[in-house]
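This report concerns only the one structure given below.
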Amino acid sequence: FMRCQLSRLQKGHATDEWFQLSSHVPLKGIEPGSLRVRARYSMEKIMPEEEYSEFKELILQKEMHVVYALSHVCGQDRTLLAGILLKIFLHEKLESLLLRTLNDREISMEGTVLITLILAETL
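Going by the working numbering, the residue at position 71 of the sequence shown is 996; the numbering climbs one at a time, nothing skipped.
Dropping the structure here:
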């Protein structure tokens, strides 16, 4: 293992350092070695935190109108949006609600073809 004080990193600055590895158990005649770490601390804050909490409340509404609107605006490439939404719902321990709601919506939109495919895969 190794220890790196992240509090030493200054915002926007990169670090390139070697850290000695150590072990909880004695290593007879073996040097644990070292690890090179290149890191940059960055923090993007586009809006004040209060604005994020209000937006988060909108996203977490049970009806998920905001989630649907965001997915419509994103078009075909929704990977970034999906990752961000999943992080928000995971943090609030509501990921099952998100996944269940989106799956139900997708199934209702695709109709019997998708249901047949799902049933065929589960049999």
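Virtual Cβ for every residue (Gly too), placed ideally from N, Cα, C.
Measure the C-alpha to C-alpha separation of residue i and residue j and round it to an integer number of angstroms.
i, j, result
"threonine 1041", "histidine 1016", "34 Å"
"proline 957", "glutamate 979", "48 Å"
"glutamate 1031", "serine 1021", "15 Å"
"phenylalanine 1014", "serine 1033", "22 Å"
"arginine 1025", "methionine 989", "12 Å"
"lysine 1018", "serine 996", "21 Å"
"phenylalanine 944", "valine 950", "18 Å"
"glutamate 982", "asparagine 1028", "21 Å"
"isoleucine 1136", "arginine 933", "This structure cannot speak to residue 1136, because the chain is shown only from 926 to 1048."
"glycine 954", "threonine 940", "31 Å"
"alanine 964", "glutamate 942", "9 Å"
"lysine 970", "leucine 952", "45 Å"
"valine 992", "serine 948", "46 Å"
Could you give the residue range of the beta strand (DSSP E) that holds residue i?
i, result
"valine 992", "That residue, valine 992, is in no beta strand (DSSP E); its alpha helix (DSSP H) goes 990 to 999."
According to the Cβ coordinates, are residue i and residue j closer than 8 Å?
i, j, result
"leucine 1005", "leucine 1023", "no"
"leucine 960", "leucine 946", "yes"
"tyrosine 1083", "glutamine 935", "Because residue 1083 is not part of the residues shown, which for the chain are 926 to 1048, the question remains open."
"valine 962", "cysteine 999", "no"
Please state the DSSP three-state secondary structure of residue i.
i, result
"leucine 960", "strand"
"lysine 981", "helix"
"isoleucine 876", "Past the boundaries of the shown model lies residue 876; the chain is included only from 926 to 1048, so the question cannot be answered."
"methionine 927", "coil"
"leucine 1023", "helix"
Per DSSP, what are the beta-bridge partners of residue i in this structure?
i, result
"threonine 940", "Ala964"
"glutamine 945", "Ser959"
Quick one: give me the first and last residue of the alpha helix (DSSP H) that residue i is part of.
i, result
"proline 1005", "Checking the displayed sequence, the identity of residue 1005 turns out to be leucine instead of proline. Where leucine 1005 is concerned, the enclosing alpha helix (DSSP H) stretches over 1004 to 1016."
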